[in-house]
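*Asks:* Provided herewith is a single structure, encoded as structure tokens, for subsequent inquiry.
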Ligand SMILES: Nc1ncnc2c1ncn2[C@@H]1O[C@H](COP(=O)(O)OP(=O)(O)O)[C@@H](O)[C@H]1O
Ligand SMILES: [Mg+2]
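Chains as they are written, first to last, in the numbering used here: chain Z, 1 to 268; chain H, 269 to 525.
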């Protein structure tokens, strides 16, 4: 091919930037409308209780095996990696407090949210994306069912309720992993370990973790549904929707983590 | 089954479209469509792919909004309806999608009861089962009731798709390419199913197709969508007696391929 004709298709860099910025604000505006629609429809009857319960089962129960494994390993590994540093100062008795703070404040919410973004978010993106592409969403609409309410509202509610529960569960499993490690190395008893764990936590810690988990859950649901519900036509669109759901949700989770921690630390 | 052509009562129009325009960006798809569909008839809309046939019936069922013009369905102006009123209208308008659009996470039974359970919430379990069995019987697929859509053939999926819209007893049926992608024998079966539905459920139908056999078998009247307008309407023979070059090339293409 003549290199000159090829070049004509590449717009100058300035245009590329302005177009992606336009695209960016366009997307932000659309997501904003999507979220507004959620808040409008979530309070209007009919309520899709059956579908909400079904989605809670899909999000919560089906994530348990993966979450259990990751949570447990996180607890064990984090404890084993922290031990040498504390041992340098002869402070291994501080291990349970350190672990408790690290797991409850940061690790459990982040690990759970990232895993859920990967598993649940991509699943929602792909599922709704393929329903969109094969006109199943249109089919719902013409049979006089509101697909936004049936598919989207129920999924967002499910992640918003279930992610905090999963985070609690992850924290528990991770602490059990940490306990096993501490118990076999420092012979700390179960009662001793958990009394140290709870002593190091404040109400603010528990509140901020619950709040953060709820925000993470809402984010995963909104992003997964948005990407799927607005996926482009064709099988390629489904893959893109699933992929975009994971990438965008993970990115937002990190941003939210930074912002929420900054706010909470201002109250400490 | 050979079709007995309906006598058309031209005073009783169920769908009435005037000056309908629709564009996507710079692409002007529908450019002033005028169309009447009369009570009880099967109207076939013919046109090459990409001419906006699907867009037209999506506008009729309120899935897309027109840019300009009036679309009146069963006495209601579709574009002006509130969402509740649109839902009520949609109960009377069945839509059979080109790729069937069966819910692939549900069994055939669940697919069929979905519209029913959601729109008449106080039906008894036995009534729902009766309805499901009756429409499934009407499309001749009683044995598939517990199967998943992925286990069905293309023709079976089409039939289930049609059954799912019949379960709400629509007054109007919109078929989007009912025979596309099917083998000739299955096409014949689908054509006679469309005629049976017209007889049994007393529906008024729009059948979109580019398959002339299907048009001939099912249509009481044919309308050809050419360059965004219905230039030519009439019976099959009337339409193809036209010496418009576009009509002739369409005819030749279909019967010489
Ligand atoms: N929702 C949409 N957004 C943008 N373009 C569309 C949309 N729906 C259809 N089109 C375009 O309109 C044209 C006609 O489409 P369609 O009605 O599906 O054709 P057909 O007559 O084959 O059914 C096509 O070029 C298609 O790309
Ligand atoms: Mg089409």
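Using N, Cα and C, we set each Cβ at its ideal position, and we do this for glycine too.
1) Going straight from the alpha carbon of residue 245 of chain Z to that of residue 136 of chain Z, what length do you get?
2) What does residue 369 of chain H touch in chain Z if you count any residue whose Cβ is under 8 Å from its own?
3) Residue 79 of chain Z and residue 99 of chain Z look like a contact to me (Cβ under 8 Å); what is the Cβ gap, rounded to whole Å?
4) Can you give the Cα-Cα distance for residue 21 of chain Z and residue 240 of chain Z, rounded to whole angstroms?
5) Where the beta carbon is closer than 7 Å to any heavy atom of ligand 2, which residues qualify, in chain order?
6) For my contact list, residue 143 of chain Z and residue 382 of chain H are in at a C-beta cut-off of 8 Å; report their separation, rounded to the angstrom.
7) What would DSSP say about residue 282 of chain H, mapped onto helix, strand or coil?
8) What residues match up with residue 362 of chain H in a beta bridge as DSSP calls it?
9) Compute the Euclidean distance between the alpha carbons of residue 308 of chain H and residue 441 of chain H, then round it to the nearest angstrom.
10) Check the C-beta distance from residue 526 of chain H over to residue 297 of chain H and give it rounded, since I have them as a contact under 8 Å.
11) Taking only three categories from DSSP, how would you classify residue 296 of chain H?
12) Any heavy atom of ligand 1 inside 7 Å of the beta-carbon of residue 447 of chain H?
13) Determine whether the Cβ of residue 145 of chain Z lies closer than 8 Å to any Cβ atom of chain H.
14) Determine the chain Z residues that contact residue 387 of chain H at a beta-carbon separation under 9 Å, and present them in chain order.
15) Determine which residues share a DSSP beta bridge with residue 498 of chain H and list them.
16) With H, G and I counted as helix, E and B as strand and the rest as coil, what does DSSP make of residue 4 of chain Z?
17) Ligand 1 and residue 315 of chain H: does the residue's C-beta get closer than 7 Å to at least one heavy atom of that ligand?
18) Starting from residue 311 of chain H and walking both ways along the beta strand (DSSP E), at which residues does that stretch end?
19) For residue 141 of chain Z, count neighbouring C-beta atoms within 10 Å of its own C-beta (all shown protein chains included) and say buried if the count is 16 or more, exposed if not.
20) Of all Cβ atoms in chain A, is any one closer than 8 Å to the Cβ of residue 355 of chain H?
21) Does DSSP put residue 509 of chain H in a helix, in a strand, or in coil?
22) Any heavy atom of ligand 1 within a distance shorter than 7 Å of the CB on residue 527 of chain H?
23) Considering only heavy atoms of ligand 1, does any lie closer than 7 Å to the CB of residue 288 of chain H?
24) So residue 357 of chain H packs on residue 349 of chain H, CB below 8 Å; how close in whole Å?
*Replies:* Considering the structure as presented:
1) Sequence index remark: in the first chain, residue 245 of chain Z carries index 245 (1-based). Sequence index remark: in the first chain, residue 136 of chain Z carries index 136 (1-based). Cα to Cα, the separation comes out at about 20 Å.
2) Mapped onto the second chain, residue 369 of chain H falls at position 101. Those within 8 Å of residue 369 of chain H in chain Z are 134, 135, 136, 138 and 139.
3) Taking the first residue of the first chain as position 1, residue 79 of chain Z is located at position 79. Taking the first residue of the first chain as position 1, residue 99 of chain Z is located at position 99. Right, the Cβ-Cβ distance comes to about 6 Å (below 8 Å), so this counts as a contact.
4) For this step, residue 21 of chain Z is matched to residue 21 along the first chain. For this step, residue 240 of chain Z is matched to residue 240 along the first chain. Each residue's alpha carbon lies about 20 Å from the other.
5) H:317, H:321, H:322, H:366, H:444, H:445 and H:476
6) On the first chain, position 143 is the one that residue 143 of chain Z refers to. On the second chain, position 114 is the one that residue 382 of chain H refers to. Yes, residue 143 of chain Z and residue 382 of chain H are in contact; Cβ-Cβ is about 7 Å, under 8 Å.
7) As a first step, residue 282 of chain H is located in the second chain; it is residue number 14 there, counting from the start. It is a strand residue.
8) The residue labelled residue 362 of chain H in the question sits at position 94 within the second chain. Paired residue(s): H:441.
9) Mapped onto the second chain, residue 308 of chain H falls at position 40. Mapped onto the second chain, residue 441 of chain H falls at position 173. Distance from the CA atom of residue 308 of chain H to the CA atom of residue 441 of chain H, rounded to whole angstroms, is 10 Å.
10) Given a span of 269 to 525 for chain H in the structure shown, any question on residue 526 of chain H remains unanswerable.
11) In the second chain, counting from the first residue as 1, residue 296 of chain H sits at position 28. Strand.
12) For the purposes of this step, residue 447 of chain H is identified with residue 179 of the second chain, where counting begins at 1. Answer for residue 447 of chain H: no, Cβ out of range of ligand 1.
13) What you label residue 145 of chain Z is simply residue 145 of the first chain in a count that begins at 1. Chain H, which has a Cβ nearer than 8 Å to the Cβ of residue 145 of chain Z, makes this yes.
14) Along the second chain, read from residue 1 onward, the residue named residue 387 of chain H stands at position 119. In chain order: 143, 144 and 145.
15) If you number the second chain from 1, residue 498 of chain H lands on position 230. DSSP lists H:493 as partners of residue 498 of chain H.
16) By 1-based counting over the first chain, the position of residue 4 of chain Z is 4. A caution first: residue 4 of chain Z carries a pLDDT of 42, below 50, which makes its placement in the model unreliable, though a value can still be read off. Helix at residue 4 of chain Z.
17) Position 47 of the second chain, counting from 1, holds the residue named residue 315 of chain H. Yes, since a heavy atom of ligand 1 falls inside the 7 Å radius drawn around the Cβ of residue 315 of chain H.
18) Reading the second chain from its first residue, position 43 is the one you call residue 311 of chain H. 310 to 314 is the extent of the beta strand (DSSP E) around residue 311 of chain H.
19) Position 141 of the first chain holds residue 141 of chain Z. That one is buried.
20) Protein chains in the displayed structure are Z and H, and chain A is not among them.
21) Here residue 509 of chain H refers to the residue found at position 241 of the second chain. When DSSP states are grouped into helix, strand and coil, residue 509 of chain H belongs to the helix group.
22) In the structure as shown, chain H starts at 269 and stops at 525, and residue 527 of chain H therefore has no counterpart that could be examined.
23) Looking up residue 288 of chain H in the second chain gives position 20. Set against 7 Å, the gap from the CB of residue 288 of chain H to the closest heavy atom of ligand 1 is not smaller.
24) The residue labelled residue 357 of chain H in the question sits at position 89 within the second chain. The residue labelled residue 349 of chain H in the question sits at position 81 within the second chain. Indeed, because the Cβ distance is near 6 Å, the residues count as touching under 8 Å.
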